[in-house]
Amino acid sequence: MEVIDKRVVIGKRVAQELKDGDYVNLGIGLPTEVANHIPEGVRVFFQSENGIMGAGPAPTEGAEDENLINAGGGFITAIKGASYFDTCLSFAIIRGGHIDLTVLGALQADQCGKLANWMIPGKMIPGMGGAMDLVTGSRKVIVAMEHCDRRGNSKILDNCSLPLTAKNKVNLIVTERAVIEVTSDGLLLKEVAKGYTVEDVISCTDAKLIISENISYF
Amino acid sequence: MEVIDKRVVIGKRVAQELKDGDYVNLGIGLPTEVANHIPEGVRVFFQSENGIMGAGPAPTEGAEDENLINAGGGFITAIKGASYFDTCLSFAIIRGGHIDLTVLGALQADQCGKLANWMIPGKMIPGMGGAMDLVTGSRKVIVAMEHCDRRGNSKILDNCSLPLTAKNKVNLIVTERAVIEVTSDGLLLKEVAKGYTVEDVISCTDAKLIISENISYF
Amino acid sequence: MVKIISAKEAASLIKSGESIMFGGFLAVGSAETIIEELKELGTSDLEMIVIATDYEDKGVGILVSNKQVSSIKTSHIGTNKATQNQMNNNEIKVDLIPQGTLLEQIRSAGAGLGGVLTPTGLGTVVAEGKQVIEVDGKEFLLEKPISADFALIRAKKADKYGNLVYDKTARNSNPIMATAAKITIAEVDEIVEAGEIPAEDVVTPGVFVDYLVLKK
Amino acid sequence: MVKIISAKEAASLIKSGESIMFGGFLAVGSAETIIEELKELGTSDLEMIVIATDYEDKGVGILVSNKQVSSIKTSHIGTNKATQNQMNNNEIKVDLIPQGTLLEQIRSAGAGLGGVLTPTGLGTVVAEGKQVIEVDGKEFLLEKPISADFALIRAKKADKYGNLVYDKTARNSNPIMATAAKITIAEVDEIVEAGEIPAEDVVTPGVFVDYLVLKK
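Line order of the protein sequences matches chains A, B, C and D. If you use the working numbering, the first sequence corresponds to residues 1 to 218, in order. If you use the working numbering, the second sequence corresponds to residues 1001 to 1218, in order. If you use the working numbering, the third sequence corresponds to residues 2001 to 2216, in order. If you use the working numbering, the fourth sequence corresponds to residues 3001 to 3216, in order.
Here you go:
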């Protein structure tokens, strides 16, 4: 599957988790794809942590406003009924439990529901930005990522080996191959992407999986 | 001296402490008199801690705005260039050291520069309101009060007997009889009001006073 | 998403014994209409969090006078004799808290913090029973978050997404309290369409608001 | 009271070795003109406090690329290779701080607090060496205030009393940093008479601002 197709599969599936009226923060990169697949009849508000609630889609070429960007530095628009605020209030919203759903990318996620997404020691240290606050404060956290890294190694592990983003648990892991819920018993495989079998997912996943009795396909 | 005259004497003298550009908080009651005696050529900004910088004088009768009051509940106006903010930011301004001068009334002040102004146990407990933050955070604190209570007892004591407002020191005590600076050595009598002698002030003051070598009269 | 309800419906959401933050100061910026309905309903044993208990016949003082309140966290009761009398008669429990501290405690709850360190109150009765923490050689009091079941706030105008703007000093504690309760209800003078309040001017983003009530 | 000065004068106030908070995020809402003058002057050994180190040729990244910075407190350096390279070569000391924590630390300094307790960073490398404080059975990290000698902020418009309003997401860290430095300098697109910014609309009251610089 092409990277672009994977993004679409993941984005579409995560979008099914959106509820009408949700306040949502989409991380940088892959998670932004979610905004393109909002189910009909569902209205959600997108926050960008630099300081806007009600972020709209990217502007058409030539209509960019140099003072209107999202947390990834991309140009955005503002919906009718948007609001601007300082970044400190923006993180008060996040840490204070006022965001219904955060969707983040990750380098690794593990069977305890921990994730690592901000540095590879000795190699790449972009910094945590707002990720630690988002995972700590959001009511629900979804990790949206490719199932394996570029070398084909599973990104879903028994234990994250990279520095953690938070000790708080993510709730759901969505990849282009599977939907996995983090439960108190471990990782529960609930859904498998069309074109894959349960065995495919098990074989490309390092972490131990509990298999749901009612696997569905997406 | 009538109460009204005492207020004027105190208010006028405290006003001499104002510097051009100062951000000033005047407590409830007596200290508000200061605003009537701002020296010519001096422009100061009055904060009211409920949430305004740039409070102006009381409105003329009939011109009151029900949503524009000061911390004492009195109707005020707003100068051109005023700003409104929430009370939390207002106290961030106060506690953060951004107010140049606070003028408060007091029940007692003592030779250590402590003051008591918010309760008389078993008798009157209005609450501290914003006084504790104002004394703790302001760059300079002036106590403006009558020298003695209604029974003629000195309000300037060796040690406050009432519950303290803060452990921080006030800088200056201004009464209708004297101007007393709080120094590391104790209370320094610097000025005496016209109509009084140094001996008058000493005899009506319970606290030990150091007498300046250059007493002036106001 | 924010819902528009009546003042009576708003008051009915609150059960006896629950805690309420009341925006407003000296009856300016108070949710008057909802307070009247609460009086009407007679909801009792309320825990009140408010900057000052206003006047006996105005603002939150109405509920104190009507003996619907069992405990109060506030910074000032000097303008309301009913509060002072009930406190002296042990009918009501009053915690007096420095105003700046009270607001930071409320903000902490809304911002997901475990509390703040403040110098205010050190060396006074306020410090009694509290943890003193030294930071870089200076002492501070640890003050914990204060949240509530409900925040009843008052704004000038709301749009249909719950974005709020306030009028002059009627803003006061409202924007902070809006962040710190399980359910926030805003009484407003006017409700307009989304987009009619410029995004720059919004003081309280709608994410903090659950219900809107139009003032009578 | 606020003074109007040139960008060159503003930059000249800052000496080598001093600490500066820079408002702005990814070069949006940055005090560009003053940053250019700082580059021109070559002031060195600066301690930088900023949300992100922007780009190599834009925003505060200009000063990093020009090797004028010796230490940085920030949450993100991923968009600026110069920062990463200088960090790897030990030319520059970088403290990576979660963004929400960094902003609360700056707010604490501006608000006269001794710090805040946050759950963010618990159980991660961020917690190393920090005091963990339990409040009502939950653990939090104690995070101390961060202040600076200067805050260089950017606003859309100022009045002559220093009251500021911001444009869209160019607001970002500017209002918080404006409160937390010994001297705050605001670069603005426009300076108007007192009263021309409605009192309701002011985001940063002039009490926080020492100097105004008109953007080139």
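Glycine residues also receive a C-beta, built at the ideal position from the N, C-alpha and C atoms.
For residue i, the nearest candidate out of the options (CA to CA)
i, options, result
"S2217(C)", "A1178(B), L1187(B), K1190(B) and A1071(B)", "Past the edges of chain C, shown from 2001 to 2216, lies residue 2217(C), and the structure says nothing about it."
"K3182(D)", "A3111(D), A3127(D) and G3059(D)", "A3111(D)"
"S90(A)", "C148(A), I76(A), T102(A) and M53(A)", "M53(A)"
"C112(A)", "D158(A), M124(A) and G122(A)", "D158(A)"
"M1145(B)", "P1121(B), T1175(B), I1120(B) and L1164(B)", "T1175(B)"
"K2073(C)", "M2001(C), D2189(C), L2038(C) and I2092(C)", "I2092(C)"
"N214(A)", "D200(A), C204(A), L189(A) and D206(A)", "L189(A)"
"E1049(B)", "E2036(C), Q2068(C), E2128(C) and L2026(C)", "L2026(C)"
"T1136(B)", "I1093(B), I1120(B) and A1063(B)", "I1093(B)"
"E2193(C)", "G152(A), I79(A) and K123(A)", "I79(A)"
"D20(A)", "W118(A), L172(A) and L101(A)", "L101(A)"
"M128(A)", "N171(A), A82(A) and L162(A)", "L162(A)"
"M3087(D)", "I202(A), K123(A), K194(A) and G195(A)", "K123(A)"
"L1222(B)", "D1200(B), H1098(B) and L1172(B)", "Residue 1222(B) falls outside the range modelled here, since chain B spans only 1001 to 1218, and no answer is possible."
Cut-off 7 Å between Cβ atoms - residues of its own chain near residue i, not counting five sequence neighbours on either side
i, result
"S3147(D)", "A3109, A3180 and A3181"
"V2165(C)", "A2155, K2156, K2157, I2197, D2201, V2202 and V2203"
"V1008(B)", "E1033"
"L3142(D)", "G3115, L3117, K3130, Q3131 and I3133"
"S2075(C)", "I2051, A2052, L2096, I2097, P2098, Q2099 and L2102"
"Q3084(D)", "I3077"
Delimiting residues of the alpha helix (DSSP H) encompassing residue i
i, result
"M119(A)", "No alpha helix (DSSP H) contains M119(A), which DSSP labels as neither H nor E."
"V201(A)", "V198 to S203"
"M128(A)", "Careful: M128(A) lies outside any alpha helix (DSSP H) and carries neither H nor E."
"I3005(D)", "Segment K3003 to I3005 is the beta strand (DSSP E) holding I3005(D); no alpha helix (DSSP H) there."
"K1080(B)", "No alpha helix (DSSP H) contains K1080(B), which is instead part of the beta strand (DSSP E) from T1077 to Y1084."
CB of residue i within 8 Å of CB of residue j, strictly
i, j, result
"N67(A)", "Q47(A)", "no"
"V141(A)", "L104(A)", "yes"
"G2206(C)", "G2162(C)", "yes"
"K3215(D)", "T3033(D)", "yes"
"R3171(D)", "G3059(D)", "no"
"A3178(D)", "A3151(D)", "yes"
"I2020(C)", "L2046(C)", "yes"
"A1166(B)", "V1143(B)", "no"
"P2145(C)", "D1086(B)", "no"
"P39(A)", "A15(A)", "yes"
"I3005(D)", "V3213(D)", "yes"
"V2094(C)", "M1132(B)", "no"
"I946(B)", "V1198(B)", "Because chain B spans 1001 through 1218 in this model, residue 946(B) falls outside it and cannot be assessed."
"E3056(D)", "A3007(D)", "no"
"D2159(C)", "T2184(C)", "no"
"I3191(D)", "G3023(D)", "no"
"K2039(C)", "N2066(C)", "yes"
Same chain, Cβ closer than 8 Å to residue i, five either side skipped, listed in chain order
i, result
"S3140(D)", "Residue identity check: residue 3140(D) is Phe in the sequence provided, not Ser. Only L3117, T3118, P3119, L3122, V3132, I3133 and E3134 meet the Cβ criterion."
"S1154(B)", "H1147, C1148, C1204, T1205, D1206 and A1207"
"P1126(B)", "W1118 and M1119"
"P121(A)", "L162 and P163"
"G1130(B)", "E1049, A1071, F1091 and I1094"
Residue environment, residue i, which counts as buried when at least 16 other CB atoms sit within 10 Å
i, result
"Y1023(B)", "buried"
"K3003(D)", "exposed"
"A35(A)", "buried"
"C57(A)", "Looking at the sequence itself, residue 57(A) is Pro, so the reference to Cys does not match. Flag for P57(A) reads exposed."
"A63(A)", "exposed"
"K2138(C)", "exposed"
"D2136(C)", "exposed"
"T1183(B)", "exposed"
"G81(A)", "buried"
"N3089(D)", "exposed"
"K1194(B)", "exposed"
"T1060(B)", "exposed"
"V42(A)", "exposed"
Close Cβ partners of residue i (< 6 Å) along its chain, the five nearest in sequence each way excluded
i, result
"E1191(B)", "V1179, S1216 and F1218"
"I3014(D)", "T3043 and F3150"
N-terminal and C-terminal residue of the beta strand (DSSP E) that residue i is part of
i, result
"L3103(D)", "No beta strand (DSSP E) contains L3103(D), which is instead part of the alpha helix (DSSP H) from Q3099 to G3110."
"T1087(B)", "Not the beta strand (DSSP E): T1087(B) falls in the alpha helix (DSSP H), residues T1087 to R1095."
"E1061(B)", "Per DSSP, E1061(B) belongs to no beta strand (DSSP E) and is neither H nor E."
"A3158(D)", "A3148 to D3159"
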